Every structure is written in structure tokens, then in C-alpha cells.
Amino acid sequence: MILTDPSQKAEYRNVWALAEVLSGQVQPVTYELIGASRALADAKGSEVWAVLLGAGTAGQADSLFAYGADKVLLVDDPRLAGFSDEWEAGVLERLMRKYKPDVLLGAATARGRALMPRVAVKANCGLTADCTQLGIDPENGDLLQTRPAFGGNILATIRCSSHRPQLATVRPRVMKALAPDSGRKGEVIREELLDTDAKKTKRIVETFQDKETVVNLGHAQIIVSGGRGVKGPKGFDLLRAFANKVGAAVGASRAAIDSGWISYAHQIGQTGQTVQTRVYIACGISGQIQHLVGMQSSDTIIAIDKNPNTPMMQLADIAIVGDLFEVIPEIIKEIDKV
Ligand SMILES: Cc1cc2nc3c(=O)[nH]c(=O)nc-3n(C[C@H](O)[C@H](O)[C@H](O)COP(=O)(O)OP(=O)(O)OC[C@H]3O[C@@H](n4cnc5c(N)ncnc54)[C@H](O)[C@@H]3O)c2cc1C
-15 MILTDPSQKA EYRNVWALAE VLSGQVQPVT YELIGASRAL ADAKGSEVWA VLLGAGTAGQ
45 ADSLFAYGAD KVLLVDDPRL AGFSDEWEAG VLERLMRKYK PDVLLGAATA RGRALMPRVA
105 VKANCGLTAD CTQLGIDPEN GDLLQTRPAF GGNILATIRC SSHRPQLATV RPRVMKALAP
165 DSGRKGEVIR EELLDTDAKK TKRIVETFQD KETVVNLGHA QIIVSGGRGV KGPKGFDLLR
225 AFANKVGAAV GASRAAIDSG WISYAHQIGQ TGQTVQTRVY IACGISGQIQ HLVGMQSSDT
285 IIAIDKNPNT PMMQLADIAI VGDLFEVIPE IIKEIDKV
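To convert, note that position 201 of the sequence shown is 185 in my numbering; the numbers rise steadily by one, no gaps.
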């Protein structure tokens, strides 16, 4: 909605996190969105509302409170089974006009990428996709939405000063969820889905799982990742041996993928997967921004590089200066002794 006067900003309150529901189950990215919303709402002295659209999902509201929501805006209707961007966009637009949230965060998943632009168009407001950082401008309360721009060569901070609500999407595993507190309770606000929320709807004929082989790096606790410094497919054999020893998955930089040393399914970064592991071990990866945005929120980062001055070595919690073809066999030898 266009603001004709900056004073109208005060009418828009609270930060909404749109729950990602797949096959009737709230997905983990929802809790990450609630965590990000909590920080924004605390900065503004407002509330976090989780928006739960689904069929038979009412019972999952408690988990949204546990992860930091103050209120759950619930629409539970059989027409919301599966995924209908038309119904969801329609009901969201109506509820946004009624409750006037300041911010709506959605997941930058296949579902969120289909839904959020539709909501933005209907509500006549902007949308910043794939944000890597969010904040509040202390001067005027605007949402500061940071994301890679110009092919990832810069990080741009985008604001939307003349429209409300402010819409943004965030990829899974970019933001951190808060530790759940099962004692935390909140209020459920029930709303109906109205016939007028969608004019015509698609019919879902069949739902199936993509059979393409997916290397699920998203759930790995440890990732051993290789870049151009690995020098070839044989270098990745060394990384796989290392990964097996420590129970890790294998990731890679785009330079390694473009060289044909390992498949795209392993790519981490802006045009690959985003990961948030307990331990990320970067081997021969310099740490250009396009790679860092895909792994920088990992808990502990270990880097092995000949050059101590790379961005990855500067970012790392533990930086090992040396030739990875000497360092990794030494580490494997030490593990074998245990
Ligand atoms: C639009 C766009 C999207 C992109 N998306 C991605 C993306 O999703 N993911 C991604 O990774 N990149 C992406 N890139 C590419 C990115 O800009 C970098 O080019 C790439 O990440 C570099 O990979 P690297 O660190 O492996 O290679 P380099 O930058 O060449 O670094 C190699 C490192 O290996 C070290 N090294 C060499 N030999 C050894 C050795 N024997 N032992 C130890 N260290 C050694 C070197 O000192 C160096 O630090 C993208 C680029 C663009 C323009």
C-alpha cells in the first residue's frame, strides 16, 4: 500500500513470519524466519506474528510459540491443503489490509518464490528477494534488507520507504532459529478463508518428489568443502577420504564445479546451496562473497589455504596456513591414531 505521508508508517506494526508448510508439516525454515523476526520486532518494540496457512495444521501452533512467536494468525481450511498460491496470496492480502503488519518475511524456497511476488503485487508493495541480512534503521524504522547485487559483486542494502508492509524473502539456513522454549505460550487468532480470496484456482492433479539426485548438504553437521586449490578430481578423492573420517558431507566452490571436478549438486554459495553447519572446513577456497553468502553462518569455520590473507582465512575461526595436500593427510594420520 502506498504511503502518502511518512506519519502513516506508525499505523503498521508487528513483524509477520510466514510459516512454510509442506505436506501438512511446518518446515524448519519457519523457525529461522521467526528468529529473524524476533530480532526485528525487539528492535521496534513490536510483536512477532507467525502466519500459519494450511489444512489441519492448527496443532502445530505451539511450536511457533516455542521458537519465539507472540501470536499465530491461523487459517485452517481444506482448500489450503497442498499449495495454492492464488488462495494464499488472496487471504494474505486481505489479512495484511486488516491487521497492517510492518514487515512480512517469507522463505526463499520454491513455494515462497511463487507466493511472495504475487502477494507483493496484490498489496502494491515492494519485495526484496534472497536477503542475507535484515535490520531496522534506528532513524525511521525502515527495514534494511541486505542482499547480493550486480552478480554478487556487491552487497546492496535496500529499503522501501514509501510502501507498507515491507516484504522480504530469506533462504533456508541463512538466519538462525532461537533455541525452542516449550513453556512459551501465545495467542492464536483464527481467520476464515473466504470464497472471495481467490477468483479462479488451479487444480493440483498430482504431487511428486523430484527424482533428481540431491546432495542434501543442508542437514550435514560437518562439511568438508573444496575449491580451485584442490586442483582436480583426484584432490576431491582426498577430500572424500577426509570427509569419511570425520563423518562429513562434501561441498565445493563454483570454481571446482565449473572445472568439472565434482557435480553441481555439491555447490555452495549464491548460485548453489546455503548451508549452516556446525563445522565448515574450507580447503583451497579463497572465500569470494558469492561463496561466503552460502556458508558464513556456520558455527565454526576452519580454513586450509597456502595464502593466509584470503577472505576465507580472515573469516575462519581456525586458519591453517599450508598446502592442503600436506595438511589433510597429516590430519587423517592423527585421526587414525585415536
Ligand atoms: C553471479 C555469480 C555467482 C556465483 N556463485 C557462486 C557460488 O554459488 N559459489 C561459489 O563458490 N562461487 C560462486 N561464484 C564464483 C566466485 O566469484 C569465485 O570465483 C569462486 O568462489 C572462487 O572459487 P575458489 O575460492 O575455489 O577459487 P579461487 O578464488 O581461485 O581460490 C583458490 C584458493 O586455493 C588456494 N590454494 C591453491 N593451491 C592450494 C594448495 N595446494 N593448498 C592450499 N590452498 C591452495 C589459493 O591460495 C586460493 O586462496 C559466483 C560468481 C558470480 C559472478
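Using N, Cα and C, we set each Cβ at its ideal position, and we do this for glycine too. Small disclaimer: the values here were computed from a predicted structure and weren't measured.
Query	Result
Which residues DSSP lists as bridging residue 323, in chain order	Nothing can be reported for residue 323: it is not among the residues displayed for the chain, which extend from -15 to 322.
Residues that DSSP places opposite residue 310 in a beta bridge	Per DSSP, none; premise fails for residue 310.
Ligand 2 heavy atom lying under 8 Å from the CB of residue 216	Looking at this structure, you won't find ligand 2 anywhere; what it does contain is ligand 1.
Residue 9 versus residue 206 - alpha carbon distance	26 Å
With 16 other Cβ atoms within 10 Å as the buried cut-off, status of residue 275	buried
Beta strand (DSSP E) runs contained entirely in the stretch 180 to 230, provided each spans 3 or more residues	206 to 210
Rounded separation between residue 23 and residue 17 - CA only	10 Å
Distance cut 5 Å, beta-carbon to ligand 1 heavy atom: residue list by chain order	135, 136, 211, 212, 213, 237, 238, 239, 253, 254, 255, 256, 268, 269, 270, 272, 274, 275, 289, 290, 291, 294, 307 and 308
Extent of the continuous alpha helix (DSSP H) run through residue 37	From DSSP, residue 37 is part of no alpha helix (DSSP H) but of the beta strand (DSSP E) over 32 to 38.
DSSP state of residue 55 mapped onto helix, strand, coil	strand
Exposure of residue 217, with buried meaning 16 or more beta-carbon neighbours within 10 Å	exposed
Residue 181 classed as buried or exposed, judged by whether at least 16 other C-beta atoms fall within 10 angstroms	buried
Whole-angstrom distance between residue 19 and residue 160, CA atom to CA atom	6 Å
Length of the line joining the Cα atoms of residue 360 and residue 314	The structure shown does not extend to residue 360, since the chain spans only -15 to 322, so no value can be given for it.
Cβ distance (whole Å) where residue 234 is taken to contact residue 208 below 8 Å	6 Å
Closest residue to residue 240 among 263, 210 and 258 (Cα-Cα distance)	210
Residue 1 to residue 202 span [Cα, whole Å]	21 Å
The stretch 73 to 81 touching the stretch 125 to 145, judged by at least three CB pairs closer than 8 Å	no
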